[in-house]
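Novice: First the structure, then my questions, so here it is.
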Amino acid sequence: MMTISLEAGKNLLARLNKEQIAAVTQGFGPSLIIAGAGSGKTTVLIRRIVFLLSELNQDPDSILAVTFTNKAAAEMKQRIKVILGEDITRSLAIGTFHSICARLLRQEIDSYEAEEGWRWSRNFAIYDETDSVNVLKAQITALNLDEKVFPAKQIKHAISAIKNDGFMPGTYANNAKTHRETRLAQIYASYQGALASNNALDFDDLILIVNELMSTNPNLLHRWYQRFRNILVDEFQDTNKAQYDLIRMLAVGSPLKKNPIEDGRERSLMVVGDVDQSIYSWRKADFRIILGFQNDFSDCRLIKLEENYRSTATILEVANSIIANNTERLEKVLRCNRSEGAKGQVYEASDEIDEAYYVAEEIKRLKARGRSLSDIVILYRTNAQSRAIEEILVREHIPYTLVGGTRFYERQEIKDVLAYLKLIYNEKDSQAFLRIINVPRRGIGKVALERLHEFAAQEEISLIEACIKAPGIAGLGAKAQQGLKDFGLRFRHWQALAQANVVSELLAAVLKETRYLELLEEEARATKDELTMGRVENIQELLAVAKEFEAIADEANLESFLTRISLVSDLDSFQEGQSAITLMTLHSAKGLEFPIVFLMGLEEGLFPHIRSLDSPPALEEERRLMYVGVTRAADLLYMTLARRRMFQGRFNNGAPGFSSNYSVPSRFLKEISADLIIGFYPDAKPEQTYSDSRRIPNSAERPRANGVSAVPLGQSNAGKAYRMSENGAMRMSGMTGGANQKGDRQFDAQAYPPLKVGDIVQHNKFGLGQVVQVIGEKNKELYNVEFKETGKRLLDPKFARLTKIS
DNA sequence: CACTTGTGGATTTTT
DNA sequence: TCCACAAGTG
């Protein structure tokens with residue numbers, strides 16, 4: 142390893158400023174790096190790792206580097222590999238909290254037993270949002286609770302929050318105060334028990350269980366404490382309590398707070414973050430952790446990277462003038478390294494179609510002026526906004542890559558096929574079982590499944606065993622009996638195959654023997670259905686993914702394949718440099734940089750989002766999101782808004798929180814000094830629009846996406862078609878047919894008695910509640926009602942039947 | 001059991 | 001608008 146230092150050492154400090162050098166070359170101990178947007182923190186992190194290895198003589202496997210996305214981890218590894226070579230890079234632990242914890246649990250979970258006696262084994266499944274919500278639904282029903290009062294999705298979010306705060310079911314139950322908290326504790330416990338019986342963990346468990354292991358098992362903690370002597374955490378402002386507890390335990394070797402980092406050996410802990418870019422509080426990230434870090438580690442070094450190398454002076458000033466309106470900040474000034482640059486360009490469109498046309502026209506002009514399409518990104522607050530711009534981009538023949546939205550691994554056909562692999566890997570995974578037991582059709586319906594469950598419970602055998610013995614189940618049709626038995630035996634055969642074959646071969650065998658792909662191909666040929674054709678392609682793509690995985694993975698087995706795909710996001714497969722513009726949400730854009738940025742939908746109620754308007758901290762988070770968006774831009778910044786926006790099939794009126802047909806420009810626009818932007822005249826009506834003479838015709842006359850035919854009318858509600866593009870990112874290539882624009886719909890102003898704050902009301906689902914807020918005016922108001930059972934809810938009196946009491 | 005039709009209800013961000 | 005799920009039909 143000594144050979145590294147000369148070559149690497151020389152370049153290690155090249156082109157770094159004083160603070161960056163200080164961060165890279167500091168000695169051991171704890172440090173906090175406050176890194177403003179565009180201040181080169183990734184470079185610092187990478188060089189710091191190289192410095193630890195080559196100059197401070199640290200072992201590669203003493204390094205733990207936590208990134209926010211898998212993509213960031215992959216990039217970091219790639220750049221280190223170039224400097225230090227493959228062997229060393231391979232032994233570095235670089236990844237997200239979730240992937241690192243998953244890997245650790247594959248080793249350690251056998252020694253974990255919950256208070257309640259639940260256990261998991263190393264082949265645990267990782268449940269995604271859908272799986273978790275389904276389990277939760279079943280539990281809520283089993284507890285005889287009303288799904289209307291306890292909506293599974295909302296409960297999932299609540300449990301997630303509890304887990305991210307580090308509470309196990311028992312602890313939470315003991316601390317439950319309100320009636321609802323007691324109920325929640327009950328649901329939490331039965332949910333967790335159900336996960337255990339499926340040998341499954343959800344995303345949050347990955348971190349929570351590692352925490353439990355570490356804090357209850359001193360030997361185990363000590364082992365990992367000995368190993369990870371150099372810890373680096375990126376995007377530290379978006380760390381939650383559970384994650385921070387874990388880091389602190391690993392750093393100090395004890396679950397108790399305030400221990401010094403000392404064990405007679407050299408250790409370091411470097412966290413890097415920017416309070417102004419904290420945008421994940423809804424995932425229980427807490428930027429106050431970064432503020433408290435110096436207290437927890439009193440000998441902490443503080444280094445501020447305040448030199449911005451990315452953006453023009455104007456763009457930085459725009460960002461600064463916006464973020465200056467926040468109160469909860471850590472003092473920091475971004476110094477600019479570039480010239481003034483062009484002013485921010487604002488366009489007030491008449492509606493979202495006009496807005497999209499403006500962006501498309503501008504992109505064409507930029508291209509004509511020699512800009513590459515890959516230099517351009519379009520950012521928006523909500524995924525739903527992508528639809529309007531996509532349609533125009535397709536129409537104008539501007540290629541684009543969509544990041545987010547419906548992800549590859551969430552598509553039906555992919556989930557189906559993967560469910561086979563998951564079940565083969567973890568036989569207890571009932572979600573996987575339910576998904577595929579009748580896919581393809583085996584003549585097994587609801588009744589047959591109930592019988593099967595009863596039988597399995599009665600005989601105390603697994604569902605798979607029960608399948609094999611299905612001919613012995615009374616009251617089951619011959620078709621179902623045979624179907625179940627065949628499936629059970631076939632399944633055992635696949636399990637045997639899995640022992641001796643690589644993933645792609647196993648996958649191919651499953652596809653062949655189930656005839657899944659064959660049936661799909663037949664259907665595609667027969668119907669010429671775009672959607673089905675896309676599905677066939679997606680499955681072929683999955684096979685390619687498996688093969689690629691085998692080629693590059695360190696351990697190319699089923700276990701690491703499944704772990705990996707459970708934790709990847711759409712963003713992770715996004716590659717820069719393609720000849721296409723990029724579309725994504727502001728959240729996805731964190732950590733990325735583009736020469737040209739379009740921020741769309743700058744309207745009150747959309748951005749800042751309606752759900753944030755009545756909460757000052759939430760509003761500050763929206764502002765940070767705006768700050769993140771602006772600071773993605775290096776050269777040019779565009780901001781657009783639509784005076785009228787089609788929302789759920791109608792214009793703003795009637796949509797929650799909008800009190801008029803016309804939207805109000807985002808307050809963030811008003812916070813920008815007027816001399817930094819052009820095109821924004823808060824009171825003027827837009828004069829010329831791009832779409833006046835070419836409003837989108839209805840779908841029948843619309844141009845076809847990429848030359849393929851649109852979805853036939855009858856299929857319009859069957860879903861969306863997606864196709865893979867060359868780089869593995871998704872592109873929407875089908876259009877939902879049958880849509881026609883009816884224009885503005887009239888409301889008959891219904892006669893309902895207006896309510897005011899303080900009124901007590903009765904709702905037939907939610908029970909008694911009190912109006913705490915009235916939003917909007919006249920016949921369009923909405924009521925924020927606090928219910929005894931369910932808490933606050935925003936209700937539209939046009940839909941919700943509210944009866945005034947008293 | 002599989003498929004069609006109808007209705008009600010919902011709307012942020014994602015590892 | 002559009003999606004999920006319930007109810008109804010072959």
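Going by my numbering, the letters in the first sequence line up with residues 142 to 947, in that order. Ideal Cβ placement from N, Cα and C applies to all residues, glycine included. Quick caveat, the model's predicted, so the values are computed rather than measured.
(1) Taking a contact to mean a Cβ-Cβ separation below 9 Å, would you say I190 touches A206 in this structure?
(2) Using only CA atoms, which one of Q572, Y421 and R188 lies nearest to A302?
(3) Given this structure, state the Cα-to-Cα distance separating F715 from Q167, to the nearest angstrom.
(4) Taking the beta carbon of D440 as the centre, do at least 16 other beta carbons fall within 10 Å, making it buried, or is it exposed?
(5) Assuming T731 contacts V769 under a Cβ cut-off of 8 Å, what Cβ separation, rounded to an integer in Å, is found between them?
(6) Out of V558, A529, Q295 and D713, which has the shortest C-alpha to C-alpha gap to L652?
(7) What do you get for D1030, buried or exposed, if any count of 16 or more other CB atoms within 10 angstroms of its CB means buried?
(8) Under the rule that 16 or more other beta-carbon atoms within 10 Å means buried, what is T781, buried or exposed?
(9) Taking the alpha-carbon positions, what's the A815 to K484 distance?
(10) Assuming S172 and R528 are in contact, meaning their beta carbons sit under 8 Å apart, how far apart are those beta carbons, in whole angstroms?
(11) Go ahead and pull the three-state DSSP assignment for F238.
(12) What are the complete alpha helix (DSSP H) segments, minimum 4 residues, inside the segment 355-419?
(13) Suppose you measure from the CA of L286 to the CA of A314; what does that come to, to the nearest Å?
(14) Check whether the segment 405-418 touches the segment 176-190, taking contact to mean three or more Cβ pairs, one atom from each stretch, closer than 8 Å.
(15) Looking at I609 and L630, is the spacing between their C-beta atoms short of 9 Å?
(16) Compare the Cα-Cα distances from E717 to each of D200, N264 and S513 and report the closest residue.
(17) With a threshold of 16 other CB atoms inside 10 Å of the CB of K425, please say whether the residue is buried or exposed.
(18) Find out if the Cβ-Cβ distance for the pair D379, S356 is shorter than 9 Å.
(19) Who are the Cβ neighbours of E662 in its own chain at under 8 Å, not counting the five residues just before and after it?
(20) Return the bridge partner residues of H750 from the DSSP annotation.
(21) Does the distance from the CB of L817 to the CB of V459 come in under 9 Å?
(22) Among the candidates E595, V518 and I585, whose CA atom is the shortest distance from the CA of Q623?
(23) Kindly confirm or deny that the segment 259-274 and the segment 286-301 touch, where touching means at least three C-beta pairs closer than 8 Å.
(24) Suppose contacts are defined by Cβ-Cβ distances below 9 Å. Is Y488 in contact with Y779 by that definition?
(25) Any idea what DSSP makes of F735, helix, strand or coil?
(26) Rank A341, Q333, N642 and L896 by C-alpha distance to the C-alpha of L699 and give the top, closest one.
(27) Once the 5 residues before and after Q333 are set aside, which same chain residues still bring their CB inside 6 Å of it?
(28) Please report the distance separating the alpha-carbon of E761 from that of S419.
(29) Can you give, in chain order, each stretch of the alpha helix (DSSP H) that sits fully within the segment 417-487 and has at least 4 residues?
(30) Output the residue ranges of the alpha helix (DSSP H) runs that lie fully inside the segment 291-360 and measure 4 residues or longer, sorted by chain position.
(31) If you follow the alpha helix (DSSP H) that A641 is in, where does it begin and where does it stop?
(32) Please determine, among D345, E503 and S452, the residue with the shortest C-alpha to C-alpha distance to N478.
(33) With a threshold of 16 other CB atoms inside 10 Å of the CB of N211, please say whether the residue is buried or exposed.
(34) Look at the alpha carbon of T237 and the alpha carbon of V393, and state the distance between them as a whole number of angstroms.
(35) What separation, rounded to the nearest whole angstrom, lies between the Cα atoms of A621 and E227?
(36) Round the Cβ separation of S203 and R370 to the nearest angstrom and send it over; I've been treating them as touching at under 8 Å.
Specialist: A quick look at the data gives this:
(1) Taking the first sequence and counting its residues from 1, one reaches residue 190 at position 49. Taking the first sequence and counting its residues from 1, one reaches residue 206 at position 65. Cβ atoms of I190 and A206: closer than 9 Å.
(2) The residue you call residue 302 lines up with position 161 of the first sequence. If we check each option's Cα against that of A302, Y421 comes out closest.
(3) Taking the first sequence and counting its residues from 1, the one referred to as residue 715 is at position 574. Taking the first sequence and counting its residues from 1, the one referred to as residue 167 is at position 26. Taking the straight line from one Cα to the other gives about 34 Å.
(4) Counted from its first residue, the first sequence places residue 440 at position 299. It counts as exposed.
(5) In the first sequence, the residue the question calls residue 731 occupies position 590. In the first sequence, the residue the question calls residue 769 occupies position 628. According to the sequence as given, residue 731 is Lys; it is not Thr. Yes, they are in contact, since the Cβ atoms of K731 and V769 sit about 6 Å apart, within 8 Å.
(6) On the first sequence, position 511 is the one that residue 652 refers to. The candidate whose alpha carbon is nearest that of L652 is V558.
(7) Because the chain is modelled from 142 through 947, residue 1030 falls outside the range shown and cannot be assessed.
(8) Position 640 of the first sequence, counted from the first residue, corresponds to residue 781. By the neighbour-count rule (16 or more Cβ atoms within 10 Å), T781 is buried.
(9) Locating residue 815 in the first sequence gives position 674, where the first residue counts as 1. Locating residue 484 in the first sequence gives position 343, where the first residue counts as 1. Distance between the alpha carbons of A815 and K484 is about 10 Å.
(10) Here residue 172 is taken as the residue at index 31 of the first sequence, counted from 1. Here residue 528 is taken as the residue at index 387 of the first sequence, counted from 1. The Cβ separation is near 45 Å, so there is no contact.
(11) Position 97 of the first sequence, counting from 1, holds the residue named residue 238. DSSP places F238 in helix when its eight states are reduced to three.
(12) 359-368 and 382-393
(13) Residue 286 sits at position 145 when you count from the first residue of the first sequence. Residue 314 sits at position 173 when you count from the first residue of the first sequence. Approximately 18 Å, taken between the alpha carbons.
(14) yes
(15) Position 489 of the first sequence, counted from the first residue, corresponds to residue 630. Position 468 of the first sequence, counted from the first residue, corresponds to residue 609. Taking 9 Å as the Cβ cut-off, L630 and I609 qualify as a contacting pair.
(16) Working through the first sequence from its first residue, we reach residue 717 at position 576. The candidate whose alpha carbon is nearest that of E717 is S513.
(17) Taking the first residue of the first sequence as 1, we reach residue 425 at position 284. Label assigned to K425: buried.
(18) What you label residue 379 is simply residue 238 of the first sequence in a count that begins at 1. What you label residue 356 is simply residue 215 of the first sequence in a count that begins at 1. Not closer than 9 Å, so no.
(19) On the first sequence, position 521 is the one that residue 662 refers to. These residues qualify, in order along the chain: V677.
(20) The count along the first sequence starts at 1 and reaches residue 750 at position 609. Answer by DSSP bridge pairing, in chain order: G746 and L747.
(21) For the purposes of this step, residue 817 is taken as the residue at position 676 of the first sequence. For the purposes of this step, residue 459 is taken as the residue at position 318 of the first sequence. For L817 and V459, yes; Cβs fall inside 9 Å.
(22) Taking the first residue of the first sequence as position 1, residue 623 is located at position 482. Taking only the C-alpha atoms, the option nearest Q623 is I585.
(23) yes
(24) The residue you call residue 488 lines up with position 347 of the first sequence. The residue you call residue 779 lines up with position 638 of the first sequence. Against a cut-off of 9 Å, the Cβ pair of Y779 and Y488 comes out as a contact.
(25) Position 594 of the first sequence, counting from 1, holds the residue named residue 735. Correct three-state label for F735: strand.
(26) Within the first sequence, residue 699 is the residue found at index 558, counting from 1. Ranking the options by Cα distance to L699, first place goes to N642.
(27) As a working note, residue 333 is residue 192 in the first sequence. Excluding positions up to five away in sequence, the list reads P310.
(28) Working through the first sequence from its first residue, we reach residue 761 at position 620. Working through the first sequence from its first residue, we reach residue 419 at position 278. About 10 Å.
(29) 429-437 and 454-464
(30) 293-305, 310-316, 320-338 and 344-357
(31) As a first step, residue 641 is located in the first sequence; it is residue number 500 there, counting from the start. Its alpha helix (DSSP H) spans residues A619 to A641.
(32) The sequence position of residue 478 within the first sequence is 337, counting from 1. Per the Cα distances, S452.
(33) Counting from 1 along the first sequence, the entry for residue 211 is found at position 70. Counting Cβ neighbours within 10 Å, N211 comes out buried, since at least 16 surround it.
(34) Here residue 237 refers to the residue found at position 96 of the first sequence. Here residue 393 refers to the residue found at position 252 of the first sequence. Their Cα atoms are separated by approximately 20 Å.
(35) Taking the first residue of the first sequence as 1, we reach residue 621 at position 480. Taking the first residue of the first sequence as 1, we reach residue 227 at position 86. Answer to the nearest angstrom: the Cα atoms are 53 Å apart.
(36) Your numbering for residue 203 matches position 62 in the first sequence. Your numbering for residue 370 matches position 229 in the first sequence. Contact holds; Cβ gap of about 4 Å.
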